[in-house]
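Taken in order, these protein sequences are the chains called A and B.
Be aware that the first sequence starts at 1, since it is given in full-length UniProt numbering, and climbs by one per residue.
Be aware that the second sequence starts at 1, since it is given in full-length UniProt numbering, and climbs by one per residue.
Glycine included, every Cβ here is placed at the ideal spot set by N, Cα and C.
Quick caveat, the model's predicted, so the values are computed rather than measured.
There are 2 protein chains.
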Amino acid sequence: MKFFQVKSVEETFDLISRHIKPLTEYITIPLTEALHFVLAEDIYAPENVPDFRRSTVDGYAVKAKDTFGSSESMPGFLTLAGEVQMGEVPPRAIQAGEAMYVPTGGMLPDGSDAVVMIEHCEDLAGLINVFKQVAPGENVISVGEDIGKGALLLEKGTKLRSQELGALASQGITAVSVIRKPVIGYLSSGDEIVPIETESLAPGEIRDMNGMTIGALVAEWGYSFQYGGIVKDNREEFERRAKELLARTDCLIVSGGSSVGTKDYSVEVIQSLGNPGVFVHGVSIKPGKPTILSLAENKPVIGLPGHPASAVIIFHLFGKAILELLHGARKQERQLTFAKITKNIPSSPGRTDYVRVRLFEENDDWYAEPIIGKSGLISTLVQSDGMIEIADRLEGVQKGERVPVRIFR
Amino acid sequence: MKFFQVKSVEETFDLISRHIKPLTEYITIPLTEALHFVLAEDIYAPENVPDFRRSTVDGYAVKAKDTFGSSESMPGFLTLAGEVQMGEVPPRAIQAGEAMYVPTGGMLPDGSDAVVMIEHCEDLAGLINVFKQVAPGENVISVGEDIGKGALLLEKGTKLRSQELGALASQGITAVSVIRKPVIGYLSSGDEIVPIETESLAPGEIRDMNGMTIGALVAEWGYSFQYGGIVKDNREEFERRAKELLARTDCLIVSGGSSVGTKDYSVEVIQSLGNPGVFVHGVSIKPGKPTILSLAENKPVIGLPGHPASAVIIFHLFGKAILELLHGARKQERQLTFAKITKNIPSSPGRTDYVRVRLFEENDDWYAEPIIGKSGLISTLVQSDGMIEIADRLEGVQKGERVPVRIFR
Chain A
1 MKFFQVKSVE
11 ETFDLISRHI
21 KPLTEYITIP
31 LTEALHFVLA
41 EDIYAPENVP
51 DFRRSTVDGY
61 AVKAKDTFGS
71 SESMPGFLTL
81 AGEVQMGEVP
91 PRAIQAGEAM
101 YVPTGGMLPD
111 GSDAVVMIEH
121 CEDLAGLINV
131 FKQVAPGENV
141 ISVGEDIGKG
151 ALLLEKGTKL
161 RSQELGALAS
171 QGITAVSVIR
181 KPVIGYLSSG
191 DEIVPIETES
201 LAPGEIRDMN
211 GMTIGALVAE
221 WGYSFQYGGI
231 VKDNREEFER
241 RAKELLARTD
251 CLIVSGGSSV
261 GTKDYSVEVI
271 QSLGNPGVFV
281 HGVSIKPGKP
291 TILSLAENKP
301 VIGLPGHPAS
311 AVIIFHLFGK
321 AILELLHGAR
331 KQERQLTFAK
341 ITKNIPSSPG
351 RTDYVRVRLF
361 EENDDWYAEP
371 IIGKSGLIST
381 LVQSDGMIEI
391 ADRLEGVQKG
401 ERVPVRIFR
Chain B
1 MKFFQVKSVE
11 ETFDLISRHI
21 KPLTEYITIP
31 LTEALHFVLA
41 EDIYAPENVP
51 DFRRSTVDGY
61 AVKAKDTFGS
71 SESMPGFLTL
81 AGEVQMGEVP
91 PRAIQAGEAM
101 YVPTGGMLPD
111 GSDAVVMIEH
121 CEDLAGLINV
131 FKQVAPGENV
141 ISVGEDIGKG
151 ALLLEKGTKL
161 RSQELGALAS
171 QGITAVSVIR
181 KPVIGYLSSG
191 DEIVPIETES
201 LAPGEIRDMN
211 GMTIGALVAE
221 WGYSFQYGGI
231 VKDNREEFER
241 RAKELLARTD
251 CLIVSGGSSV
261 GTKDYSVEVI
271 QSLGNPGVFV
281 HGVSIKPGKP
291 TILSLAENKP
301 VIGLPGHPAS
311 AVIIFHLFGK
321 AILELLHGAR
331 KQERQLTFAK
341 ITKNIPSSPG
351 RTDYVRVRLF
361 EENDDWYAEP
371 IIGKSGLIST
381 LVQSDGMIEI
391 ADRLEGVQKG
401 ERVPVRIFR
């Protein structure tokens, strides 16, 4: 077993990114089911976008050289050669000295190479007065200008948002190869933890609210969740149940029992699940110091602190990063903003502090009001919109300072 | 039919909040399925939190008055009366002159009313030296201090996040009455629109990428989506298909055909679906001016502009607000941040402009780089992380100014 050596937040993130590898099972699914999956392949554009020359304005398609020298004081004259209908092929090509009406997005007729905006023309019964010259290509999108056929459209590792799905659909791509979504197992440990269905509590008992909170976060982030129930403080049973659950999931989360105490089997059980084993045991963070991170035969195992507020903060920070890496996303999702803090908050250098905050908007800026309650069990959770980070080099933050905020959705 | 009168963005939001009422069908579901549902009832706490007096520190439970006058130079002396185990009832009450060890979160023994931190004590073989006095209640959470039994825990209209689910679970609440989630129908209109499966396009044809993008956003926001297919520019068929789809959904989205043109039946069809009918036809916004908003017998109908980039922006702005109101959420979800713009962007006063941006972080602040492409069809969509708003009173924004950003997830 590794020696208990507390890591900084930065070291922890670094160790996470070095240890966690994406799943390598790929599945092909219809685009309509692919939201928030991660691409398992590079996708190249099968078509030019646009696939015909298109006007960016309402105006007249012309040969640019026919307009050279035209101005307000010295208009040019062109003959109207008809009209392009939206979504249709132009009726014919234009000749020198001709102009054809074309709407925004409409196809340019052969023979034309630019469009004069309608505001710079006047139609005098079929004779078009042109008050402004245009250069070749002006007000025109050429074939493949947005995306060229064969160009890289989306890179392997891209998490598919609505925009990417739209882009794929526009190219006629209706199925994609993606990385299977990870299945996350969860086990609560502790003699005092009882099922949430328990009607009345004996003294000292608490219901397994962490199972609910962590399960909801896993679902919100788009992964499958398997609730493995509660295990009492018994090393053998704990190890057996953890092995069983890990065998049928991609990642195991264990809540509770991770402080250094007499009944603490968590780190031993986690270490026993496989190699290389525990790579973080303790983080210089408040709250959440007794965090355990491990890798058992390529499957991440996360030991969360038992306190509900700490568990949520640690899972937002490290759990999310681990699940995203496991799912192969190339870049981490942004849930970060910045806000001005409304109170001074002291902090100890050498430790990163996270403080839950309520966010509000005022004068085009965000403000973060710390939610400080000595209990921190329920009411403060419900009031919080996110958490601010006080970096480990700081002795605190001053009222009015801009601080990074991680938003809880 | 209402007269075509362009509304400002503010007027549009105001009209939306006055017209759209939440669904009134309630269902009772298990907590494990309730993520992102909206509560249909106020929920009162059935239990005190905490339900016993609890220590907030590792230390000694004492009678506060026994410590009065104790200091570094003049310590008090108390007799050790045993130890409280975590999650267990204390072995006995304490008497005057006694102290009992209690861990953080542990139950206070009867007879005690405060806890002295372990750092302020010294255990000399069962004699506890106390170097600091404590006031009654110090380092103690009293019964019901976090949440009192019978107090309002969560208000009707609360959208259930992971935190709220955890809070409910902690109280032994395992099922909740919620507002049914709305089902959203979608119909694309336009002779040029073809199914996304179409292998090769005839000149002028485009695949129905809006159906994919809008469907993915609806799913991302947690609602059901029914794709109603494509309807050609034929007023009768359009009206029949729209009526049919609206009859089996809670809200209808119609894409395309909403600019004022010869083939534009959208506003007539939307008006024909029911009363009170169209309440917004045209918004002073760029892009997205030809937006239509209507209410047909309490069901919202949204006419989106056909251009993909405009459709996405309008749906993020007004569509999301409409769906959230329909789903009864008390407060709108935050997807807003602020960022410094990296370029000057001119804009016309009297019109609200939305510009898609790429977001990046530097020196503890967000920067928004405008993505400006004349085509705006595919590549700019994929590059964008959100959109900035240039308010209608402004003539543009200057490089370095802080601007509001709506984040695309």
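Fill in: Residue span of the alpha helix (DSSP H) that contains Val403/A, given as start and end
No alpha helix (DSSP H) holds Val403/A; the beta strand (DSSP E) holding it covers 402 to 407.
Discussion item. Can you give me the C-alpha to C-alpha distance between Trp221/B and Glu138/B, rounded to a whole angstrom?
Written reply: In a straight line, the C-alpha of Trp221/B is about 45 angstroms away from that of Glu138/B.
Worksheet item: Hey, how far is the Cα of Asn210/A from the Cα of Ala311/A?
Response: Distance between the alpha carbons of Asn210/A and Ala311/A: 7 angstroms.
Worksheet entry | Exposure of Asp42/A, with buried meaning 16 or more beta-carbon neighbours within 10 Å | It counts as exposed.
Item to complete: Determine contact between the segment 222 to 234 of chain A and the segment 178 to 186 of chain A, defined as no fewer than three beta-carbon pairs at a distance below 8 angstroms.
Response: Segments in contact, yes.
Practice prompt. State yes or no: is the beta carbon of Phe408/A nearer than 9 angstroms to at least one beta carbon in chain B?
Written response: Chain B contact via Cβ: present.
Worksheet item: For the segment 174 to 197 of chain B, which residues have a beta carbon sitting closer than 8 angstroms to at least one beta carbon of chain A?
Response: Those residues of the segment 174 to 197 of chain B that come within reach of chain A (Cβ to Cβ, closer than 8 angstroms) are Thr174, Gly190, Asp191, Glu192, Ile196, Glu197.
Worksheet item: Contact check, Ile302/B vs Ile322/B under 8 angstroms by CB: the rounded distance?
Response: Yes, Ile302/B and Ile322/B are in contact; Cβ-Cβ is about 6 angstroms, under 8 angstroms.
Item to complete: For Lys159/A, count neighbouring Cβ atoms within 10 angstroms of its own Cβ and tell me buried if that reaches 16, exposed if not.
Response: Buried.
Item to complete: Note down, in chain order, all residues in the segment 24 to 55 of chain A with a beta-carbon under 9 angstroms from any beta-carbon belonging to chain B.
Response: Those would be Leu31, Thr32, Ala34, Leu35, His36, Ala45, Glu47, Val49, Pro50, Asp51, Phe52, Arg54, in chain order.
Practice prompt. Show which residues of chain B have a CB atom less than 9 angstroms away from the CB atom of Arg402/A.
Written response: Simply Asp364, Asp365.
Worksheet item: Among the residues of its own chain, which have a CB less than 8 angstroms from the CB of Leu23/A, if the five just before and after it don't count?
Response: Within the same chain, and ignoring the five residues on either side of Leu23/A in sequence, the residues whose Cβ sits closer than 8 angstroms to its Cβ are Ile179, Arg180, Pro182, Asp250, Leu326, His327, Gly328.
Worksheet item: Can you list the residues of chain A that Leu394/B reaches, using a CB-CB cut of under 7 angstroms?
Response: At a C-beta separation below 7 angstroms, Leu394/B has no neighbours in chain A, since its nearest C-beta there lies roughly 12 angstroms away.
Practice prompt. Could you tell me whether any Cβ in chain A is nearer than 9 angstroms to the Cβ of Leu201/B?
Written response: By this cut-off, Leu201/B is an interface position.
Item to complete: Verify the CB distance criterion: does Pro22/A have a CB-CB separation below 9 angstroms to chain B?
Response: At a cut-off of 9 angstroms between beta carbons, Pro22/A makes no contact with chain B.
Discussion item. For Val283/B, list the residues DSSP reports as bridge partners.
Written reply: Partner(s): Lys7/B.
Discussion item. By the DSSP assignment, the beta strand (DSSP E) with Thr352/B in it spans what residues?
Written reply: Residue range 352 to 362 is occupied by the beta strand (DSSP E) that includes Thr352/B.
Item to complete: Apply the 10 Å Cβ neighbour rule to Thr67/B and answer buried if 16 or more other Cβ atoms are within range, or exposed otherwise.
Response: By the neighbour-count criterion, in which 16 or more other beta carbons inside 10 Å mark a residue as buried, Thr67/B falls on the buried side.
Worksheet item: In whole angstroms, what separates the C-alpha of Pro404/A from that of Ile388/A?
Response: Between Pro404/A and Ile388/A, the C-alpha separation is close to 6 angstroms.
Worksheet item: Under a three-way DSSP split, which group does Asp85/B fall into?
Response: Residue identity differs from the one stated: residue 85/B is Gln in this sequence, not Asp. It is coil, neither helix nor strand.
Fill in: Beta-carbon separation (whole angstroms), Val134/A vs Met107/A, contact threshold 8 angstroms
With a Cβ gap of about 18 angstroms, Val134/A and Met107/A do not count as contacting.
Worksheet item: Given a limit of 7 angstroms on CB to CB distance, which residues of the segment 120 to 143 of chain B reach chain A?
Response: Those residues of the segment 120 to 143 of chain B that come within reach of chain A (Cβ to Cβ, closer than 7 angstroms) are Ile141.
Discussion item. Is there a Cβ of chain C sitting closer than 9 angstroms to that of His19/B, yes or no?
Written reply: Included in the structure are the protein chains A and B, with no chain C among them.
Worksheet entry | Residue closest to Pro276/B, alpha-carbon to alpha-carbon, out of Ser266/B, Val283/B, Leu293/B, Lys289/B | Relative to the Cα of Pro276/B, the nearest Cα in the group Ser266/B, Val283/B, Leu293/B, Lys289/B belongs to Leu293/B.
Worksheet item: Can you list, in chain order, the residues of its chain whose CB lies under 8 angstroms from that of Val57/B, leaving out five sequence neighbours each side?
Response: Contacts found: Thr104, Val115, Met117, Ile118, Asn139.
Worksheet item: For Arg330/A versus Gly157/A, is the C-beta spacing smaller than 9 angstroms?
Response: Contact check for Arg330/A against Gly157/A passes: the beta carbons are separated by less than 9 angstroms.
Discussion item. I need the DSSP call for Glu33/B, collapsed to helix, strand or coil.
Written reply: In this structure, Glu33/B counts as helix in the three-state DSSP scheme.
Worksheet item: With distances taken between CB atoms, is the gap from Gly170/A to Ile314/B smaller than 9 angstroms?
Response: One point to set straight first is that residue 170/A is Ser, not Gly, in the sequence displayed. No.
Discussion item. For Pro370/A, would you say it is in contact with chain B, using Cβ-to-Cβ distances shorter than 9 angstroms as the test?
Written reply: Using beta-carbon distances, Pro370/A does not count as an interface residue toward chain B, since no partner is under 9 angstroms.
Fill in: For Lys340/A: DSSP bridge partner residues
Tyr367/A, Arg402/A.
Item to complete: Figure out for me which residue from Asp146/B, Ser188/B, Leu35/B has the closest Cα to the Cα of Ile214/A.
Response: Leu35/B is the residue among Asp146/B, Ser188/B, Leu35/B whose C-alpha sits nearest the C-alpha of Ile214/A.
Worksheet entry | As assigned by DSSP and simplified to three states, the class of Asp58/A | The answer is coil: DSSP assigns Asp58/A none of H, G, I, E or B.
Practice prompt. Could you check the C-alpha separation between Ile128/A and Glu237/B for me, to the nearest Å?
Written response: Roughly 39 angstroms separates the two Cα atoms.
Practice prompt. Might you give, ordered along the chain, the residues of its own chain that have their beta carbon closer than 8 angstroms to the beta carbon of Ile94/B, omitting 5 neighbours on each side?
Written response: For Ile94/B, where only same-chain residues beyond five positions count, the Cβ hits under 8 angstroms are Ala61, Val62, Lys63, Ala81, Met100, Pro109, Asp110, Gly111, Ser112.
Discussion item. Quick check on the burial criterion: 16 or more other C-beta atoms within 10 angstroms. Buried or exposed for Ala247/A?
Written reply: When all chains shown are included, Ala247/A counts as exposed.
Practice prompt. Kindly say whether Asp14/A, judged by its beta-carbon, lies nearer than 9 angstroms to any beta-carbon of chain B.
Written response: Cβ-Cβ to chain B under 9 angstroms: no for Asp14/A.
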